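What follows is a set of notes on a single structure, which appears directly below.
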Amino acid sequence: MRKIHFIAMGGAAMHNLALAMNENPDYKVSGSDDEFFEPSKSRLAAKGLLPDKTGWDPSRITPDIYAVIVGMHATNDNPELIKAKELGLKIYSFPEYLYERTRSKTRVVVGGSHGKTTTTAMILYVLKKVGIEADYMVGAQIEGFENMVHLSKTSRIAVFEGDEYLASPMDPRPKFHLYKPHIAILTGIAWDHINVFPTFENYVSQFKRFTDLIEPQGRFIYYDQDPELANIASHVRKDIVTFPYHTPEHKVENGQTFIKLRNEYIPLQIFGEHNLQNLNAARLACHALGITDTQFYHAISDFTGATNRLEKIGNTDTAVAYKDFAHSPSKLRATVHAVRNQYPDKRVVACMELHTFSSLTADFLPQYAHCMDEADVAIVYYNPEVIAHKRLKEIQPEDVKKAFANDKVKVFTDTQLLKQELESLSYDNSVLLMMSSGNFSGINVKEYAMELITKH
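For the sequence shown, the UniProt record's numbering gives the first residue as 1, with consecutive numbering after it.
This is the structure we're talking about:
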């Protein structure tokens, strides 16, 4: 039995990998972190993987450990990491380990500034429905999948969401540079992670490098309306076959989207042009894996989306509420546009939280110009304490309002005042859209959204 130890095990991806490996009797899993949050805390505890105490303890690192997997949350001076180096143990970042376990498999990697989670989820959903086993790593929970990570001895395919953020404290390469795909997808490029990629040009170069790392005779699937991707595609190696895609033919009737397949229209549970583009990318990837378009469209018809990606919370006779992970400008604009198009006769109430390093950086804020113009009510929240915690330059509400370039935008920095504003609104004939990668400083978004739309 091989012992595997996880340093910084509490993260979303890390704890899912730990759970996946714990299912294999060939491995004995242990781990540590300085803090565990839900749902990882309960999920690890249920499988007996939650350590007896939080914090770092070098005595956990012993010579009989087969490998140590280090999460991004760990730092170079982590005492467990130092001990592992002293003992000469095998040390992997999360993406390094996934690559090692899937070297002999056909790897599908989905990258891009937006849409990669949904596109990955779509591919996995279809593969499962048509009975094809796959290893995977995806950044959100998918209906019908217990974990966000799965590794198997018998599968011949691996499908990974390809994050461009750094691999580990010891490895400054973007995660998706380590996967070396046979089938690569890029959904779009919009500047993000400015703490790591200080210029747009530097950010774009990471995606160019990703295509350089495609395996020989590989395939590159890309959104052809993105000028940066079109330029990258025109310069890929000659052995790589390119597959451009765009928004497929579709129609919207009575609040439902239908996609055209030859002479028929197939009803979908998802909506929005960005989701239809993601669907087209997933279709091309599945086709490369031997799935026909007919199989794909009929399998995807009941796909409801990944958790927190335009996730429908609930509805009444006159109102509907959605939760979305949208926080970057491109995601925010696409999500508001999708809801506006899907519900042209309803009032759109859009509330978003600035929560990430980039979104709370003064120099980055102008990227949000006009992102919420299609909303009837536009509300932006941020917590000044988060800015201080991230050691960023202070920003003022008037700076945020100016950056969004929309007089309708109201900016709040206090959760109670935000709630007062939301509770003062009528939600009759409205769509409520709550968007954040956080939780508005302690709001249970799903419960609160349902309270709002059902109170009238």
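Glycine is no exception: its CB is placed at the ideal position from the N, C-alpha and C atoms.
Computed from a prediction, not measured in an experiment: that's the story for all the values here.
Report yes if the CB atom of F220 is closer than 8 Å to the CB atom of G111, and no otherwise.
-> Along the sequence shown, read from residue 1 onward, the residue named residue 220 stands at position 220. Along the sequence shown, read from residue 1 onward, the residue named residue 111 stands at position 111. For the 8 Å CB-CB criterion, F220 and G111 do not form a contact.
Unbroken stretches of the beta strand (DSSP E), 3 residues or longer, contained in the segment 185 to 240 | If we require 3 residues or more, the beta strand (DSSP E) runs fully inside the segment 185 to 240 come out as 219 to 223.
Short check: CB of S155 to CB of E133, under 8 Å?
-> Along the sequence shown, one-based indexing puts residue 155 at 155. Along the sequence shown, one-based indexing puts residue 133 at 133. Their beta carbons are under 8 Å apart, which means S155 touches E133 by this criterion.
Under 8 Å, do K28 and K3 count as touching if we go by C-beta distance?
-> Start at 1 with the first residue of the sequence shown, and residue 28 comes out as number 28. Start at 1 with the first residue of the sequence shown, and residue 3 comes out as number 3. With contacts defined by Cβ atoms closer than 8 Å, K28 and K3 form a contacting pair.
Straight-line gap, K180 to I214 (C-alpha atoms, nearest Å) | Start at 1 with the first residue of the sequence shown, and residue 180 comes out as number 180. Start at 1 with the first residue of the sequence shown, and residue 214 comes out as number 214. Going from the Cα of K180 to the Cα of I214 covers about 5 Å.
Between the segment 122 to 140 and the segment 290 to 309, do at least 3 Cβ pairs fall closer than 8 Å?
-> The segment 122 to 140, when compared against the segment 290 to 309, does touch it at the 8 Å Cβ threshold.
Kindly indicate which three-state DSSP category F303 falls into: helix, strand or coil?
-> Here the question's residue 303 lines up with position 303 in the sequence shown. F303 falls in the coil class under three-state DSSP.
Rounded to whole angstroms, how far is the Cβ of S32 from the Cβ of D57, which I believe are closer than 8 Å?
-> For this step, residue 32 is matched to residue 32 along the sequence shown. For this step, residue 57 is matched to residue 57 along the sequence shown. Yes, S32 and D57 are in contact; Cβ-Cβ is about 7 Å, under 8 Å.
Throw me the rounded Cβ distance for the H246 and G188 pair, which I believe falls under 8 Å.
-> Here residue 246 is taken as the residue at index 246 of the sequence shown, counted from 1. Here residue 188 is taken as the residue at index 188 of the sequence shown, counted from 1. Not confirmed; about 12 Å, so no contact.
Count the CB pairs spanning the segment 61 to 80 and the segment 88 to 96 that are closer than 8 Å, and state whether there are at least three.
-> Touching, per the Cβ criterion.
Closest residue to G438 among H193, M352, A403, T361 (Cα-Cα distance) = Residue numbering aside, residue 438 sits at position 438 when the sequence shown is read from its first letter. Per the Cα distances, M352.
Express the C-alpha separation of E374 and K312 in angstroms, rounding to a whole number.
-> For the purposes of this step, residue 312 is taken as residue 312 along the sequence shown, with counting starting at 1. For the purposes of this step, residue 374 is taken as residue 374 along the sequence shown, with counting starting at 1. The straight-line gap from Cα to Cα measures roughly 19 Å.
Three-state secondary structure (DSSP) at I313?
-> Residue mapping note: residue 313 aligns to position 313 of the sequence shown, counting from 1. The three-state reading of DSSP puts I313 in strand, counting E and B together.
Opposite T324 in the DSSP bridges: which residues?
-> On the sequence shown, residue 324 is found 324 positions in, with the first residue counted as 1. Checking the displayed sequence, the identity of residue 324 turns out to be Asp instead of Thr. According to DSSP, D324 bridges with M435.
Find out if the Cβ-Cβ distance for the pair V159, Y125 is shorter than 8 Å.
-> In the sequence shown, counting from the first residue as 1, residue 159 sits at position 159. In the sequence shown, counting from the first residue as 1, residue 125 sits at position 125. Their beta carbons are not under 8 Å apart, which means V159 does not touch Y125 by this criterion.
Helix, strand or coil: which one does DSSP assign to V138?
-> Along the sequence shown, one-based indexing puts residue 138 at 138. The answer is coil: DSSP assigns V138 none of H, G, I, E or B.
With distances taken Cα to Cα, identify the nearest neighbour of E96 among E35, I142, M148, L17.
-> On the sequence shown, position 96 is the one that residue 96 refers to. Relative to the Cα of E96, the nearest Cα in the group E35, I142, M148, L17 belongs to L17.
Note down, in chain order, each residue of its chain lying with its Cβ closer than 8 Å to the Cβ of Q269, except the 5 sequence neighbours on either side.
-> For this step, residue 269 is matched to residue 269 along the sequence shown. The residues are S301, D302, F303, T304, G305.
Between which two residues does the alpha helix (DSSP H) carrying A8 extend?
-> Position 8 of the sequence shown, counted from the start, is the residue given in the question as residue 8. For A8, there is no enclosing alpha helix (DSSP H), as DSSP marks it with neither H nor E.
Using alpha carbons as the reference points, say which of R209, H235, I240 lies closest to Q217.
-> Position 217 of the sequence shown holds residue 217. Considering only alpha carbons, the answer is I240.
How big is the Cα-Cα spacing for F271 and K401?
-> Residue numbering aside, residue 271 sits at position 271 when the sequence shown is read from its first letter. Residue numbering aside, residue 401 sits at position 401 when the sequence shown is read from its first letter. The straight-line gap separating the alpha-carbon atoms of F271 and K401 is approximately 29 Å.
Out of R60, V386, S359, state which residue places its alpha-carbon closest to the alpha-carbon of K83.
-> As a first step, residue 83 is located in the sequence shown; it is residue number 83 there, counting from the start. Nearest option by C-alpha distance: R60.
Mark S93 as exposed unless 16 or more other C-beta atoms lie within 10 angstroms of its C-beta, in which case mark it buried.
-> Position 93 of the sequence shown, counted from the first residue, corresponds to residue 93. Counting Cβ neighbours within 10 Å, S93 comes out buried, since at least 16 surround it.
Should E228 be labelled buried (16 or more other beta-carbon atoms within 10 Å of its own) or exposed?
-> By 1-based counting over the sequence shown, the position of residue 228 is 228. Classification of E228: buried, given that the 10 Å Cβ count is 16 or more.
Local Cβ density within 10 Å of D388, reported as buried at 16 or more and exposed below that | Reading the sequence shown from its first residue, position 388 is the one you call residue 388. The sequence shown places Ala at residue 388, rather than the Asp named in the question. The residue in question, A388, is exposed, as its Cβ has fewer than 16 Cβ neighbours within 10 Å.
Skipping 5 residues on each side, what residues in its chain have a beta carbon closer than 8 Å to that of N315?
-> Against the sequence shown, residue 315 aligns to sequence position 315. Contacts found: A321, I453.
Could you round the C-beta distance between G10 and S40 to whole angstroms and report it? I think they count as a contact, below 8 Å.
-> The sequence position of residue 10 within the sequence shown is 10, counting from 1. The sequence position of residue 40 within the sequence shown is 40, counting from 1. That belief holds up - the Cβ atoms of G10 and S40 are roughly 5 Å apart, short of 8 Å.
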